[in-house]
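Participant:
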Amino acid sequence: MKILIVGSGGREHAIAWKTAQSPKAEKIYCAPGNAGIEEYAECVPIRAMEFEKLAVFAREKEIDLTVVGMDDPLVGGIVDVFEREGLRIFGPRRDAAILEGSKAFSKDLMKKYGIPTAAYENFDDPKEALAYLEHAEFPIVLKADGLALGKGVLICNTLEEAKEGVKTIMEDKQFGSAGNRMVIEEFMTGREVSVLSFVDGKTIKCMTSAQDHKRALDGDKGLNTGGMGTFSPSPFYTDEVDAFCKEHIYQATVDAMAAEGRAFQGVIFFGLMLTEKGPRVLEYNARFGDPEAQVVLTRMKNDIVEVFEACVDGTLDQIDLEFEDNAAVCVVLASGGYPVAYEKGYPIHGLENFKGRDGYYVFHAGTKLVDGEFVTNGGRVLGVTATGEDLKTARANAYEAVKLVGFEKAYCRGDIGKAIDEV
Ligand code: AMP
Ligand code: GLY
151 MKILIVGSGG REHAIAWKTA QSPKAEKIYC APGNAGIEEY AECVPIRAME
201 FEKLAVFARE KEIDLTVVGM DDPLVGGIVD VFEREGLRIF GPRRDAAILE
251 GSKAFSKDLM KKYGIPTAAY ENFDDPKEAL AYLEHAEFPI VLKADGLALG
301 KGVLICNTLE EAKEGVKTIM EDKQFGSAGN RMVIEEFMTG REVSVLSFVD
351 GKTIKCMTSA QDHKRALDGD KGLNTGGMGT FSPSPFYTDE VDAFCKEHIY
401 QATVDAMAAE GRAFQGVIFF GLMLTEKGPR VLEYNARFGD PEAQVVLTRM
451 KNDIVEVFEA CVDGTLDQID LEFEDNAAVC VVLASGGYPV AYEKGYPIHG
501 LENFKGRDGY YVFHAGTKLV DGEFVTNGGR VLGVTATGED LKTARANAYE
551 AVKLVGFEKA YCRGDIGKAI DEV
């Protein structure tokens with residue numbers, strides 16, 4: 151088969167690496183890809199939002215299956231464009247990707263179908279939001295409705311902060327049109343867990359659990375980022391939690407989408423919070439997590455192309471997902487200054503140290519090749535990932551591996567997986 155992957159981050163590198171292991175994959179393309187992905191795929195300079203160009207490319211190259219990694223093209227309707235052209239594609243249509251594309255939609259869906267989540271109200275008018283806040287309890291959470299690069303969530307401790315937040319989101323439009331609507335939500339406490347799943351419209355099969363580290367600095371300090379590191383599995387995702395989510399959340403979400411005439415095909419990423427009252431949905435994403443994919447896919451035993459096809463063909467009920475009985479940890483090596491201002495173009499050294507080392511992976515996020523040399527080209531640069539027989543071993547291996555690579559002004563969190571010590 152000829153397969154096209156759409157995206158350019160560490161997640162797409164992990165998807166390309168996993169796809170390359172499938173005996174079904176004869177040729178892989180990635181648009182636009184990055185310097186690391188070129189090891190497994192031919193990268194083509196078409197941007198992820200150029201749907202028509204991508205469809206023309208897929209037709210010309212006789213691509214058998216396209217796999218979309220990123221949220222923007224999914225929410226923008228890339229799947230609809232491909233399907234209209236008769237091209238096979240893994241991912242939700244626009245009317246289903248709204249599960250991630252609109253927080254107000256997803257909250258209303260959960261309320262309508264009794265899926266456990268934080269109490270909330272949606273607002274189109276900043277004046278009404280401000281009036282509501284006068285009588286609210288603090289802390290409280292404000293969320294821009296649309297996609298905001300993971301930054302559209304503000305946790306406000308006081309009325310003053312919340313008023314400022316309404317201004318930021320709805321009046322100053324710091325997150326653009328994502329802030330035309332806003333969700334105001336009850337603040338919850340508990341551990342966060344990411345559960346990614348494959349869905350074929352009616353059947354859902356969950357992957358192993360993972361935990362992200364969203365803040366830039368050690369001790370969960372600093373600004374929110376796309377994710378500074380992950381581990382899998384989460385020791386806090388117990389059988390009891392799993393049973394609750396199976397009963398109240400996973401299938402219920404898939405059935406709710408189907409009942410709304412928005413059957414979901416692709417990956418649903420459940421961002422869960424394990425509260426004292428039980429698991430609650432924090433958010434849905436309509437794609438693999440980044441860097442959750444790096445730790446989940448390195449543990450997955452299945453041929454991923456078979457799973458992608460089962461989702462597209464509606465035969466996921468015939469697949470059993472299997473994961474290694476081990477653990478994985480991913481430590482993101484970022485450019486100094488990320489997620490605000492950072493420089494690009496620094497040479498990356500040590501990548502050759504990963505060649506032929508089983509259980510060690512360096513997934514590229516922001517990299518590019520200049521005159522045959524790998525250089526930094528983004529905020530998150532590399533996802534250094536290692537497996538091990540248990541979480542502590544995987545973590546030790548990942549931090550050992552981080553020492554093997556580097557570039558000027560590189561930084562990483564030193565406490566990825568620290569929560570493991572509390573078990
Ligand atoms: P989201 O983009 O919805 O995942 O939100 C980003 C982060 O904000 C989450 O990973 C949580 O850490 C935090 N968050 C979101 N909603 C809530 C909530 N209702 N209560 C507490 N923290 C939240
Ligand atoms: N790592 C969180 C996300 O991909 O949204």
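Be aware that the sequence shown starts at 151, since it is given in the working numbering, and climbs by one per residue. Note that CB positions come from ideal geometry on N, CA and C, so glycine has one too.
1. For ASP389, would you say it is in contact with chain D, using Cβ-to-Cβ distances shorter than 7 Å as the test?
2. Could you tell me whether the Cβ atoms of ASP392 and ALA477 are closer together than 7 Å?
3. Of all the options VAL229, ALA366, GLY416 and GLY516, which has the alpha carbon lying nearest to the alpha carbon of GLU200?
4. Indicate the three-state DSSP secondary structure (helix, strand or coil) for PHE504 in the structure shown.
5. Please give me, in chain order, every unbroken run of the beta strand (DSSP E) with length at least 3 that falls completely inside the segment 223 to 278.
6. Compute the minimum distance between the beta carbon of LEU292 and the heavy atoms of ligand 1, and state whether it is under 6 Å.
7. Please list, following the chain, all residues that have a C-beta closer than 5 Å to any non-hydrogen atom of ligand 2.
8. Could you give the residue range of the alpha helix (DSSP H) that holds ILE454?
9. Compute the minimum distance between the beta carbon of ILE303 and the heavy atoms of ligand 1, and state whether it is under 6 Å.
10. Between which two residues does the alpha helix (DSSP H) holding ILE165 run?
11. Ligand 1 and GLU410: does the residue's C-beta get closer than 6 Å to at least one heavy atom of that ligand?
12. Leaving out five residues before and five after VAL490 in sequence, what residues of the same chain have Cβ atoms less than 8 Å from its Cβ?
13. Buried or exposed: VAL156, going by 16 or more other Cβ atoms within 10 Å of its Cβ?
14. In three-state terms, what does DSSP make of HIS499?
15. Tell me whether GLU397 is buried or exposed, calling it buried when 16 or more other Cβ atoms sit within 10 Å of its Cβ.
16. Using three-state DSSP, classify THR216 as helix, strand or coil.
17. Could you check how far apart the C-beta atoms of LEU215 and MET151 are, in whole angstroms? I think they sit under 8 Å.
18. Contact defined as beta carbons within less than 8 Å: I believe GLY186 pairs with THR517. What is the distance between those atoms, to the nearest angstrom?
19. For ligand 1, is there a heavy atom less than 6 Å away from the beta-carbon of ALA560?
20. Does HIS514 pass the burial test, meaning 16 or more other C-beta atoms within 10 Å, or should it be called exposed?
21. Please report the straight-line C-alpha distance between THR448 and GLU235, rounded to a whole angstrom.
22. Return the Cβ separation of ILE265 and VAL217 in integer angstroms, given the expectation that the two are a contact with Cβ distance under 8 Å.
23. Can you tell me where the alpha helix (DSSP H) with VAL333 in it begins and where it stops?
24. Less than 7 Å between the C-beta atoms of GLN444 and GLY533, yes or no?
25. Have a look at LEU259 and GLU493 and give me their C-alpha separation to the nearest angstrom.
26. Let me make sure I understand the geometry here. Which of GLN324, ALA298 and ALA191 has the alpha-carbon closest to that of ALA181?
27. Mind checking which residues open and close the alpha helix (DSSP H) that includes ASN576?
28. Alpha carbon to alpha carbon, how far is LYS148 from PHE232?
29. Give every residue of the same chain whose Cβ lies closer than 6 Å to the Cβ of TYR488, excluding the five residues on either side of it in the sequence, and list them in chain order.
30. Just to check, is the beta-carbon of GLY421 closer than 6 Å to a non-hydrogen atom of ligand 1?
31. Cβ of GLU583 versus every heavy atom of ligand 1: is any distance shorter than 6 Å?
32. How about PHE240: is its Cβ closer than 6 Å to a heavy atom in ligand 1?
33. Below 8 Å, can you find three or more Cβ-Cβ pairs linking the segment 290 to 302 to the segment 315 to 328?
Facilitator: Judging by the given coordinates:
1. Chain labels in this structure do not include chain D; a single protein chain is all it has.
2. As a working note, residue 392 is residue 242 in the sequence shown. As a working note, residue 477 is residue 327 in the sequence shown. No.
3. One-based indexing of the sequence shown puts residue 200 at position 50. Of VAL229, ALA366, GLY416 and GLY516, the residue nearest in Cα terms is VAL229.
4. Residue mapping note: residue 504 aligns to position 354 of the sequence shown, counting from 1. Note: PHE504 maps to helix in three-state DSSP.
5. 270 to 273
6. Residue mapping note: residue 292 aligns to position 142 of the sequence shown, counting from 1. Every heavy atom of ligand 1 is 6 Å or more from the Cβ of LEU292, so no.
7. The set, ordered by position in the chain, is ASP362, GLY377, GLY439 and ASP440.
8. Numbered from its first residue, the sequence shown carries residue 454 at position 304. Where ILE454 is concerned, the enclosing alpha helix (DSSP H) stretches over 454 to 463.
9. Within the sequence shown, the letter at position 153 stands for residue 303. Going by the sequence as given, residue 303 is Val instead of Ile. Yes.
10. Counting from one through the sequence shown, the residue named residue 165 turns up at place 15. Run containing ILE165: 160 to 170, per the alpha helix (DSSP H) assignment.
11. To locate residue 410, count along the sequence shown from 1; it is residue 260. The answer is no for GLU410.
12. What you label residue 490 is simply residue 340 of the sequence shown in a count that begins at 1. Answer for VAL490: LEU373, listed in chain order.
13. Along the sequence shown, read from residue 1 onward, the residue named residue 156 stands at position 6. Label assigned to VAL156: buried.
14. Position 349 of the sequence shown, counted from the first residue, corresponds to residue 499. Secondary structure at HIS499: strand, using DSSP grouped into helix, strand and coil.
15. Along the sequence shown, one-based indexing puts residue 397 at 247. The residue in question, GLU397, is exposed, as its Cβ has fewer than 16 Cβ neighbours within 10 Å.
16. By 1-based counting over the sequence shown, the position of residue 216 is 66. In this structure, THR216 counts as strand in the three-state DSSP scheme.
17. Mapped onto the sequence shown, residue 215 falls at position 65. Mapped onto the sequence shown, residue 151 falls at position 1. Indeed, because the Cβ distance is near 6 Å, the residues count as touching under 8 Å.
18. Against the sequence shown, residue 186 aligns to sequence position 36. Against the sequence shown, residue 517 aligns to sequence position 367. Right, their Cβ atoms sit about 6 Å apart.
19. Position 410 of the sequence shown, counting from 1, holds the residue named residue 560. Every heavy atom of ligand 1 is 6 Å or more from the Cβ of ALA560, so no.
20. Position 364 of the sequence shown, counting from 1, holds the residue named residue 514. By the neighbour-count rule (16 or more Cβ atoms within 10 Å), HIS514 is buried.
21. Here residue 448 corresponds to residue number 298 of the sequence shown, with the count starting at 1. Here residue 235 corresponds to residue number 85 of the sequence shown, with the count starting at 1. If I take the Cα positions, the gap works out to 33 Å.
22. Within the sequence shown, the letter at position 115 stands for residue 265. Within the sequence shown, the letter at position 67 stands for residue 217. Actually they do not touch by this definition, with Cβ atoms about 27 Å apart.
23. Numbered from its first residue, the sequence shown carries residue 333 at position 183. Note, VAL333: premise wrong, no alpha helix (DSSP H); beta strand (DSSP E) at 332 to 336.
24. Your numbering for residue 444 matches position 294 in the sequence shown. Your numbering for residue 533 matches position 383 in the sequence shown. Closer than 7 Å, so yes.
25. Taking the sequence shown and counting its residues from 1, one reaches residue 259 at position 109. Taking the sequence shown and counting its residues from 1, one reaches residue 493 at position 343. Those two C-alpha atoms are separated by around 42 Å.
26. By 1-based counting over the sequence shown, the position of residue 181 is 31. The residue with the shortest Cα to Cα distance from ALA181 is ALA191.
27. What the structure shows of the chain is the stretch from 151 to 573, and residue 576 is not part of that stretch, so it cannot be assessed.
28. Outside the shown range of the chain (151 to 573) lies residue 148, about which nothing can therefore be said.
29. Counting from 1 along the sequence shown, the entry for residue 488 is found at position 338. These residues qualify, in order along the chain: GLY529.
30. For the purposes of this step, residue 421 is taken as residue 271 along the sequence shown, with counting starting at 1. Checking every heavy atom of ligand 1 against the Cβ of GLY421, one is found closer than 6 Å.
31. Nothing about residue 583 can be reported from this structure: the residues present for the chain run from 151 to 573 only.
32. As a first step, residue 240 must be located in the sequence shown, where it is residue number 90. Flag unset: Cβ of PHE240 not near ligand 1.
33. yes
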